[in-house]
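Heads up: the structure comes next, in structure tokens.
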Amino acid sequence: MAKNSDTHSGWTISDLAVRFGGEVVGILEDVPPILRPAPLDEAGIGDIAFYADKRYTAVLAATRATCTLIPRDCTFEPAACAAFIKVDDPHRAFVRFLGMVDELRPKPAAGIHQTAVIDHTAVVASTAAIMAGCVVGARCVIGENVVLYPNVTLYDNVSVGANTIVHAGVICGTQTEIGERCTIQPGAVIGSDGFGFVENSDGSYDKIPHIGRVVIDNDVEIGANTTIDRSVAGITRIGRGVKIDNLVQIAHNVRIGEDTAVVAQTGIAGSTVIGRRVRLAGQVGIVGHISIADGVVVLAQSGVSKSLSEAGMYLGSPAQPHGNALRLTAVLRNLPDALAEIRNELHELHERTEPKSV
Amino acid sequence: MAKNSDTHSGWTISDLAVRFGGEVVGILEDVPPILRPAPLDEAGIGDIAFYADKRYTAVLAATRATCTLIPRDCTFEPAACAAFIKVDDPHRAFVRFLGMVDELRPKPAAGIHQTAVIDHTAVVASTAAIMAGCVVGARCVIGENVVLYPNVTLYDNVSVGANTIVHAGVICGTQTEIGERCTIQPGAVIGSDGFGFVENSDGSYDKIPHIGRVVIDNDVEIGANTTIDRSVAGITRIGRGVKIDNLVQIAHNVRIGEDTAVVAQTGIAGSTVIGRRVRLAGQVGIVGHISIADGVVVLAQSGVSKSLSEAGMYLGSPAQPHGNALRLTAVLRNLPDALAEIRNELHELHERTEPKSV
Amino acid sequence: MAKNSDTHSGWTISDLAVRFGGEVVGILEDVPPILRPAPLDEAGIGDIAFYADKRYTAVLAATRATCTLIPRDCTFEPAACAAFIKVDDPHRAFVRFLGMVDELRPKPAAGIHQTAVIDHTAVVASTAAIMAGCVVGARCVIGENVVLYPNVTLYDNVSVGANTIVHAGVICGTQTEIGERCTIQPGAVIGSDGFGFVENSDGSYDKIPHIGRVVIDNDVEIGANTTIDRSVAGITRIGRGVKIDNLVQIAHNVRIGEDTAVVAQTGIAGSTVIGRRVRLAGQVGIVGHISIADGVVVLAQSGVSKSLSEAGMYLGSPAQPHGNALRLTAVLRNLPDALAEIRNELHELHERTEPKSV
Numbered sequence: 259m260a261k262n263s264d265t266h267s268g269w270t271i272s273d274l275a276v277r278f279g280g281e282v283v284g285i286l287e288d289v290p291p292i293l294r295p296a297p298l299d300e301a302g303i304g305d306i307a308f309y310a311d312k313r314y315t316a317v318l319a320a321t322r323a324t325c326t327l328i329p330r331d332c333t334f335e336p337a338a339c340a341a342f343i344k345v346d347d348p349h350r351a352f353v354r355f356l357g358m359v360d361e362l363r364p365k366p367a368a369g370i371h372q373t374a375v376i377d378h379t380a381v382v383a384s385t386a387a388i389m390a391g392c393v394v395g396a397r398c399v400i401g402e403n404v405v406l407y408p409n410v411t412l413y414d415n416v417s418v419g420a421n422t423i424v425h426a427g428v429i430c431g432t433q434t435e436i437g438e439r440c441t442i443q444p445g446a447v448i449g450s451d452g453f454g455f456v457e458n459s460d461g462s463y464d465k466i467p468h469i470g471r472v473v474i475d476n477d478v479e480i481g482a483n484t485t486i487d488r489s490v491a492g493i494t495r496i497g498r499g500v501k502i503d504n505l506v507q508i509a510h511n512v513r514i515g516e517d518t519a520v521v522a523q524t525g526i527a528g529s530t531v532i533g534r535r536v537r538l539a540g541q542v543g544i545v546g547h548i549s550i551a552d553g554v555v556v557l558a559q560s561g562v563s564k565s566l567s568e569a570g571m572y573l574g575s576p577a578q579p580h581g582n583a584l585r586l587t588a589v590l591r592n593l594p595d596a597l598a599e600i601r602n603e604l605h606e607l608h609e610r611t612e613p614k615s616v
Numbered sequence: 259m260a261k262n263s264d265t266h267s268g269w270t271i272s273d274l275a276v277r278f279g280g281e282v283v284g285i286l287e288d289v290p291p292i293l294r295p296a297p298l299d300e301a302g303i304g305d306i307a308f309y310a311d312k313r314y315t316a317v318l319a320a321t322r323a324t325c326t327l328i329p330r331d332c333t334f335e336p337a338a339c340a341a342f343i344k345v346d347d348p349h350r351a352f353v354r355f356l357g358m359v360d361e362l363r364p365k366p367a368a369g370i371h372q373t374a375v376i377d378h379t380a381v382v383a384s385t386a387a388i389m390a391g392c393v394v395g396a397r398c399v400i401g402e403n404v405v406l407y408p409n410v411t412l413y414d415n416v417s418v419g420a421n422t423i424v425h426a427g428v429i430c431g432t433q434t435e436i437g438e439r440c441t442i443q444p445g446a447v448i449g450s451d452g453f454g455f456v457e458n459s460d461g462s463y464d465k466i467p468h469i470g471r472v473v474i475d476n477d478v479e480i481g482a483n484t485t486i487d488r489s490v491a492g493i494t495r496i497g498r499g500v501k502i503d504n505l506v507q508i509a510h511n512v513r514i515g516e517d518t519a520v521v522a523q524t525g526i527a528g529s530t531v532i533g534r535r536v537r538l539a540g541q542v543g544i545v546g547h548i549s550i551a552d553g554v555v556v557l558a559q560s561g562v563s564k565s566l567s568e569a570g571m572y573l574g575s576p577a578q579p580h581g582n583a584l585r586l587t588a589v590l591r592n593l594p595d596a597l598a599e600i601r602n603e604l605h606e607l608h609e610r611t612e613p614k615s616v
Numbered sequence: 259m260a261k262n263s264d265t266h267s268g269w270t271i272s273d274l275a276v277r278f279g280g281e282v283v284g285i286l287e288d289v290p291p292i293l294r295p296a297p298l299d300e301a302g303i304g305d306i307a308f309y310a311d312k313r314y315t316a317v318l319a320a321t322r323a324t325c326t327l328i329p330r331d332c333t334f335e336p337a338a339c340a341a342f343i344k345v346d347d348p349h350r351a352f353v354r355f356l357g358m359v360d361e362l363r364p365k366p367a368a369g370i371h372q373t374a375v376i377d378h379t380a381v382v383a384s385t386a387a388i389m390a391g392c393v394v395g396a397r398c399v400i401g402e403n404v405v406l407y408p409n410v411t412l413y414d415n416v417s418v419g420a421n422t423i424v425h426a427g428v429i430c431g432t433q434t435e436i437g438e439r440c441t442i443q444p445g446a447v448i449g450s451d452g453f454g455f456v457e458n459s460d461g462s463y464d465k466i467p468h469i470g471r472v473v474i475d476n477d478v479e480i481g482a483n484t485t486i487d488r489s490v491a492g493i494t495r496i497g498r499g500v501k502i503d504n505l506v507q508i509a510h511n512v513r514i515g516e517d518t519a520v521v522a523q524t525g526i527a528g529s530t531v532i533g534r535r536v537r538l539a540g541q542v543g544i545v546g547h548i549s550i551a552d553g554v555v556v557l558a559q560s561g562v563s564k565s566l567s568e569a570g571m572y573l574g575s576p577a578q579p580h581g582n583a584l585r586l587t588a589v590l591r592n593l594p595d596a597l598a599e600i601r602n603e604l605h606e607l608h609e610r611t612e613p614k615s616v
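Protein chains in written order, with the working numbering: chain Z, 259 to 616; chain P, 259 to 616; chain R, 259 to 616.
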């Protein structure tokens, strides 16, 4: 689906040291060029890795990486035919290297594949790439440099901002608005109907039409097979810079504040408002119609059933402040023994205090 | 993908009052026509909202909605250039308005898109709309007014009843039977193989062929990216009127009774039988081979490991009757302090009763 | 999408008895041929079922199955016009019958559908079936007898081993490698970007490019709408014989050992290493950067936050050894009463020991 440019001759360690503002440790003569990034424990010849955490010094000592990025204050020496580069932040430098490799990867060429079906009222930027099997509905607007990978479906009136990547199989319901520089992972569904029904007296349900929409601001990431429902009326909104992982459920009329991160398999029920810079760990559940304050962190598998109005860490189902939850966990771990011991003591006290029949 | 009919001139408040059997409050002279529904706190000029809950009287007082549906006994007065309509059930009236707007939306035109691939043995009603990229297998039967949105895949021998809407990217495995007036949200998978294996003596597994099928009765809703597995043999059945939310897992040979509702991210393991009018809240887990009685309500994140034979509310993992679970939650919230206090008292009693050495 | 071969005349009970090495019980004269498998309680004329568990003797007594597979030591007698076959392992024999029926089902014919889009640099075995709407990227390699059901998307450089079945709507990211004899259920996403970001000082995030890949060994099953993320660098690896259910999340750089089974809606966070023959039940959560020993069994809804270095069963959130967890559950079920009773006893002891004021 794109031109190959897998072959490149790599980077010299000197070149990398300059790019990262780093200092080389080791003798470079016999050191081969760097071709690929790799984890420290899997790296080999031609690989660059990083070391940033003292728990992994044994791994560093044993690594076969041709080059390892290390902190300035690290005094280790590289093996033969290998080198270290001392930098301020080894992880950041490694991520920069990932970006350099990513840059070299073939990008889809601009243009509309002949099997894509584009409504004649849609507007597609000439720099956008619309790949095979995509379907773009009436009055859609596709911005500059957008990529729609294969088999994407956009219903009518969807807009996709410049430089946004929409991966294969993504589905956007009518009137969905996606900002710039977003990445939508494969299989995500944005703008499905919310789960809303009116119960009849006989116990059956009538569907509430959902005629609102989803708005996704700039710089958002949506994970694979994640679902975001359209609102009843008004907007389900994902704020600027929000990062959402795979298989997350965002219900109708939810609003998520800027730079919030939501980890895999978490669910947020209808009309709940999540603040800015919130972190929801994996498999968290948040009930509907509550609000979560800026800066709240909810730990994995927690269940939040009431509004959280103060920043801080929360844990448990129902969620409580982290310190309380840890105390509870510690107590529970020992509870059967503790109760048995208490009963023993009570028994002993009973015996000791029992009125003696003489 | 459909003709545009976004432009319409709106409804007058008098007209709406007649339709809803309501009574107008306010002076209509300067009130503009109603164009859109909106939440009470987001509504503005041309919007209709509803007010039904006294917790929101401050929101009602501040609303900028041109029209608000309110209960008969509400004595508030509208702002200038706005009106209220008193009705028996403001939410119901609002839902009726949603339906009126929904009616105006463009519907896919009947016919088979030229890029759809329909097996020559399939039977498709002339009023059905089969959109771009759909694949319809051998001997499928597609009823009157059915819509298959883009990139739907039906394997062989699938039937879809009249007036059912199948959204984009839905996949139905062979022999799946879907009733009338159902809505299948995008990305749902119906009729994947169940998760069944026979373990060999060396710890490896042999796959059990799943040759049963999924039957979905009339008036069912299936959520986005939800998965429903085909049975080993026999039928995985979703009863009439069942409503299933997004990312729900229904395993092989499960049966769900009429008018039951299943909220997002809940999972039901193999061969379990769910009664009628059951409600399973979000992220609930139900083990296999049990049965849940009619009218049971299981609250969010609960885990049900034994059959529930009586209607009522259940909570917790393992789930227990709601009252018991609440008592437990209350006790747990205070447990570390309670144990510390008990130990103090024991200590004090010990000291008090200790035989004095004189 | 394939030729019909639904019509076949069935198997005689004598024939089945020979195939399964079994012994017929009952008079075969009036017994019709066997056409289909069915559950014992749903079976009727022409159906074969199995009975293996004494809890179901009442069901066996009432079954209308034309043939039932029973254990050697079972002394029940069949009804009129029905027969039993005594075998060593009724379930195994039933599974063999399922396989016989499955064999007769139409298989997709080899060849590339005219609507599939295959990059000219891809290599597709002549025995492979590439169905409608599939998109196969540059330099992909598709092995012998592979089936790609409709609307599958393979990015560039994906390889699929011989005899692997890839169901409709599956998406494989670039460089994904799938082994032989695997089954990938509909809608699964393999090789989406991992969820990794670097936090900036202003609280915003920079995306970490994920340039690693996913490798799936032979004989693996991946469930419907399951997501498996590509690694940052290196490999996310699913070992030989692993079985993964629907809606499971496998994060970047996870490694799963041979013959491990993962039930629906479970999530495994980044870089965690799962051993061989591990079983993770439904809705389990495993944090990142830990390791789970061979043979560990984690029960449903558990949360594992620390490495488990010993085989055995674990339960709870946080997970603990099963015996401890059961003791805790038993204590919790009674905790409110137990605490009330302890307080009563303390009160009584207090009263009994109170220094009397005379």
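The C-beta atom is built at its ideal place from N, Cα and C for all residues, glycine as well. Fair warning: this is a prediction, and the values are worked out from it, not measured in the lab.
**Request:** Grab the span of the alpha helix (DSSP H) containing residue 575 (chain P) for me, first residue to last.
**Result:** As a first step, residue 575 (chain P) must be located in the second sequence, where it is residue number 317. Premise fails: residue 575 (chain P) is in no alpha helix (DSSP H) and is neither H nor E.
**Request:** Run the CB neighbour count on residue 288 (chain P), radius 10 Å, all protein chains shown included, and call it buried at 16 or more, exposed below.
**Result:** Counting from one through the second sequence, the residue named residue 288 (chain P) turns up at place 30. Using a 10 angstroms sphere on the CB of residue 288 (chain P), the tally of other CB atoms stays under 16, which defines it as exposed.
**Request:** Establish whether the CB of residue 248 (chain R) and some CB of chain Z are separated by less than 7 angstroms.
**Result:** Since the first residue of chain R shown is 259 and the last is 616, residue 248 (chain R) is not available in this structure.
**Message:** Can you pull the chain P neighbours of residue 541 (chain R), defined as C-beta to C-beta under 8 angstroms?
**Reply:** As a working note, residue 541 (chain R) is residue 283 in the third sequence. By Cβ distance, chain P contributes 525, 541, 543 and 561.
**Request:** Would you check if the stretch 303-322 of chain Z and the stretch 341-357 of chain Z touch, i.e. whether three or more CB-CB distances between them fall below 8 angstroms?
**Result:** Output reads yes: the stretch 303-322 of chain Z touches the stretch 341-357 of chain Z.
**Item:** Three-state secondary structure assigned by DSSP to residue 606 (chain P)
**Value:** Numbered from 1 along the second sequence, position 348 holds the residue referred to as residue 606 (chain P). Looking at residue 606 (chain P) - three-state DSSP - the assignment turns out to be helix.
**Asked** Can you list, in chain order, the residues of its chain whose CB lies under 6 angstroms from that of residue 464 (chain P), leaving out five sequence neighbours each side?
**Response** On the second sequence, residue 464 (chain P) is found 206 positions in, with the first residue counted as 1. Same-chain partners within the cutoff: 456.
**Message:** If you follow the alpha helix (DSSP H) that residue 587 (chain P) is in, where does it begin and where does it stop?
**Reply:** As a working note, residue 587 (chain P) is residue 329 in the second sequence. From DSSP, the alpha helix (DSSP H) with residue 587 (chain P) extends over 580-591.
**The alpha helix (DSSP H) enclosing residue 316 (chain R), as first and last residue numbers** = Within the third sequence, numbered from 1, the residue matching residue 316 (chain R) stands at position 58. Looking at the DSSP string, the run of the alpha helix (DSSP H) that includes residue 316 (chain R) is 315-320.
**Asked** Within the chosen definition, does the stretch 272-280 of chain Z reach the stretch 327-347 of chain Z through at least 3 CB pairs nearer than 8 angstroms?
**Response** yes
**Request:** Kindly indicate which residue of Z:489, Z:510 and Z:494 has the alpha-carbon position closest to the one of residue 475 (chain Z).
**Result:** In the first sequence, residue 475 (chain Z) corresponds to position 217, counting from 1. When only C-alpha atoms are compared, the closest one is Z:494.
**Prompt:** Anyone know if the C-beta pair for residue 371 (chain Z) and residue 389 (chain Z) falls short of 7 angstroms?
**Reply:** Position 113 of the first sequence, counted from the start, is the residue given in the question as residue 371 (chain Z). Position 131 of the first sequence, counted from the start, is the residue given in the question as residue 389 (chain Z). Taking 7 angstroms as the Cβ cut-off, residue 371 (chain Z) and residue 389 (chain Z) qualify as a contacting pair.
**Request:** Compare the C-alpha of residue 488 (chain Z) against each of Z:445, Z:540, Z:561 and Z:430 and name the closest.
**Result:** Position 230 of the first sequence, counted from the first residue, corresponds to residue 488 (chain Z). Measuring from the Cα of residue 488 (chain Z), the nearest candidate turns out to be Z:430.
**Request:** Taking the CB atoms as reference points, tell me whether residue 507 (chain Z) and residue 530 (chain Z) lie closer together than 7 angstroms.
**Result:** Within the first sequence, numbered from 1, the residue matching residue 507 (chain Z) stands at position 249. Within the first sequence, numbered from 1, the residue matching residue 530 (chain Z) stands at position 272. Going by C-beta atoms, residue 507 (chain Z) is not nearer than 7 angstroms to residue 530 (chain Z).
**Helix, strand or coil at residue 367 (chain P) according to DSSP, with G and I counted as helix** = As a working mapping, residue 367 (chain P) is identified with position 109 in the second sequence. Residue state, collapsed to three classes: coil.
**Asked** Can the beta-carbon of residue 426 (chain R) be found less than 7 angstroms from the beta-carbon of residue 411 (chain P)?
**Response** On the third sequence, position 168 is the one that residue 426 (chain R) refers to. On the second sequence, position 153 is the one that residue 411 (chain P) refers to. For residue 426 (chain R) and residue 411 (chain P), yes; Cβs fall inside 7 angstroms.
**Message:** Does the CB of residue 581 (chain P) have a neighbour CB from chain R at under 7 angstroms?
**Reply:** What you label residue 581 (chain P) is simply residue 323 of the second sequence in a count that begins at 1. It does not; no Cβ of chain R falls within 7 angstroms.
**Message:** Does the CB of residue 515 (chain P) have a neighbour CB from chain Z at under 7 angstroms?
**Reply:** Residue numbering aside, residue 515 (chain P) sits at position 257 when the second sequence is read from its first letter. No, residue 515 (chain P) does not count as interfacial toward chain Z.
**Asked** Going by the CB atoms, is the gap between residue 583 (chain R) and residue 573 (chain R) shorter than 7 angstroms?
**Response** As a position in the third sequence, residue 573 (chain R) is number 315, starting the count at 1. As a position in the third sequence, residue 583 (chain R) is number 325, starting the count at 1. With contacts defined as CB atoms closer than 7 angstroms, residue 573 (chain R) and residue 583 (chain R) qualify as a contacting pair.
**Asked** To the nearest angstrom, how far is it from the Cα of residue 543 (chain Z) to the Cα of residue 559 (chain P)?
**Response** Counting from 1 along the first sequence, the entry for residue 543 (chain Z) is found at position 285. Counting from 1 along the second sequence, the entry for residue 559 (chain P) is found at position 301. Taking the straight line joining both Cα atoms gives about 8 angstroms.
**Request:** Would you decide whether residue 564 (chain P) is buried or exposed? Buried here means 16 or more other CB atoms lie within 10 Å of its CB.
**Result:** Counting from 1 along the second sequence, the entry for residue 564 (chain P) is found at position 306. Residue 564 (chain P) is exposed by the Cβ-count criterion.
**Prompt:** Of all the options Z:599, Z:466, Z:359 and Z:299, which has the alpha carbon lying nearest to the alpha carbon of residue 268 (chain Z)?
**Reply:** By one-based count along the first sequence, residue 268 (chain Z) stands at place 10. When only C-alpha atoms are compared, the closest one is Z:359.
**Own chain residues within Cβ distance below 7 angstroms of residue 568 (chain P), not counting five before or after** = Against the second sequence, residue 568 (chain P) aligns to sequence position 310. Only 551 meet the Cβ criterion.
**Asked** Between the stretch 549-576 of chain P and chain R, which residues of the former have a C-beta closer than 7 angstroms to a C-beta of the latter?
**Response** 561, 575 and 576
**Proximity below 7 angstroms, CB of residue 393 (chain R) to CB of residue 391 (chain Z)** = As a first step, residue 393 (chain R) is located in the third sequence; it is residue number 135 there, counting from the start. As a first step, residue 391 (chain Z) is located in the first sequence; it is residue number 133 there, counting from the start. Contact flag set, yes.
**Which residues DSSP lists as bridging residue 519 (chain P), in chain order** = The residue labelled residue 519 (chain P) in the question sits at position 261 within the second sequence. P:501 and P:537, per the DSSP bridge assignment.
**Asked** Where does residue 505 (chain Z) land, buried or exposed, given buried means 16+ other C-beta within 10 angstroms?
**Response** Locating residue 505 (chain Z) in the first sequence gives position 247, where the first residue counts as 1. Residue 505 (chain Z) comes out buried.
**Request:** Figure out for me which residue from R:365, R:501 and R:395 has the closest Cα to the Cα of residue 413 (chain P).
**Result:** Here the question's residue 413 (chain P) lines up with position 155 in the second sequence. With distances taken between Cα atoms, residue 413 (chain P) lies closest to R:365.
**chain R residues whose Cβ lies nearer than 9 angstroms to that of residue 445 (chain P)** = Reading the second sequence from its first residue, position 187 is the one you call residue 445 (chain P). Per Cβ cutoff of 9 angstroms: 427, 445 and 483.
**Request:** Using DSSP bridges, identify the partner residues of residue 412 (chain P).
**Result:** Your numbering for residue 412 (chain P) matches position 154 in the second sequence. Paired residues: P:394 and P:430.
**Simplified DSSP state of residue 335 (chain P), which is helix, strand or coil** = Residue mapping note: residue 335 (chain P) aligns to position 77 of the second sequence, counting from 1. For residue 335 (chain P), the three-state secondary structure derived from DSSP is coil.
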